[in-house]
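Step one of this worksheet: look at the structure below.
In the UniProt record's numbering, the protein residues as written are 1 to 280.
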């Protein structure tokens, strides 16, 4: 009876903790949404919680103005053009490399993988100056392609490390059975490894997409006015916060809602990927 009571208390504590975490995360998001529905004078006069006593403050003027802001709209398009290829390239290249490191025998495999692991400790800031000089020399500075290549280069070490460890945990008997049936490496990769590794691949895709979508540092250095993403476009609206809070709040919520939708759309794969190695 006491053990059951302990379990019930433990579950109640976990549920309460989850509620607190959800509130801590949702309140700022909800506040940003309400701020984006208020005019600049109303935001300057009081906090977003005043809408509960004066709901007449709510308006869609900020979003209609956002649709007329070419800088914000171009930034949104550039963000999609940067985030989607960066995610697909990292996931695709990392999956192939991880399969090779996990299941293919070739000279220097362990040393190459050790080099990949060593690259995990290299901070992004170290590559800013040399890569900016290189991109400037080859004509990639200030282009969407240059930003994508930077994200792919610095996203691959972690991606390969993550997927290799997941692929290595797949039972070898499955691959041996596929080879006995006449399957070659490409067949095994596409028909055995990818279906079984889908949770880890989806988790990696979510992490990579969120990181690239929310990036500001790389975009500030490697993107120009024509290729700047939404984060840079919003940063340039902060000339005077009080005079541009209507644009910033609506644009920030627009920037937030897309990765939020991506996360909830693939959350079941994310949970499977996180828990994949926790239970045998």
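For each residue, glycine too, the CB sits at the ideal point set by N, CA and C. Being a predicted model, the structure only gives us computed values, none of them experimental.
One alpha carbon belongs to residue 235, the other to residue 255, and they sit about 12 Å apart. Taken through DSSP and simplified to helix, strand or coil, residue 105 comes out as coil. Minimum Cα-Cα distance from residue 222 among the listed residues 206, 162, 128, 260 corresponds to 128.
At a Cβ-Cβ threshold of 8 Å, residue 163 and residue 94 count as neighbours. Under the DSSP assignment, residue 224 falls outside any alpha helix (DSSP H); it carries neither an H nor an E label. In the three-state DSSP reduction, residue 180 falls in the helix class (H, G or I).
Residue ranges of uninterrupted alpha helix (DSSP H) with 4 or more members, entirely inside the segment 121-163 and ordered along the chain, are 128-138.
Residues of the same chain with a CB within less than 7 Å of the CB of residue 262, apart from the 5 flanking positions on each side, are 206, 209 in chain order. Judged by DSSP in its simplified three-state form, residue 40 adopts helix. Going by C-alpha positions, residue 135 is about 9 Å away from residue 143. Remark: C-beta atoms of residue 71 and residue 148 do not approach each other more closely than 8 Å. Three or more beta-carbon pairs drawn from the segment 74-81 and the segment 214-231 are found closer than 8 Å, and the two stretches are therefore classed as touching. Rounded to whole angstroms, residue 160 and residue 44 show a C-alpha spacing of 48 Å.
Residue 193 counts as buried, since at least 16 other C-beta atoms from the protein chains shown sit within 10 angstroms of its C-beta.
Looking at 30, 150, 60, 145, the one whose alpha-carbon comes closest to that of residue 130 is 150.
Around the CB of residue 187, fewer than 16 other CB atoms lie within 10 Å, so the residue is classed as exposed. For residue 53, the three-state secondary structure derived from DSSP is coil.
In this structure the segment 175-191 does not touch the segment 105-124; the number of beta carbon pairs closer than 8 Å is below three. Here DSSP, grouped into helix, strand and coil, assigns residue 165 to helix.
A straight line joining the alpha-carbon of residue 91 with that of residue 266 spans about 15 Å.
With the rule of 3 Cβ pairs closer than 8 Å, the segment 35-49 counts as touching the segment 245-252.
When the beta-carbon positions are compared, residue 157 and residue 116 come within less than 8 Å of each other. When rounded, the separation of the alpha-carbon atoms in residue 232 and residue 264 is 25 Å.
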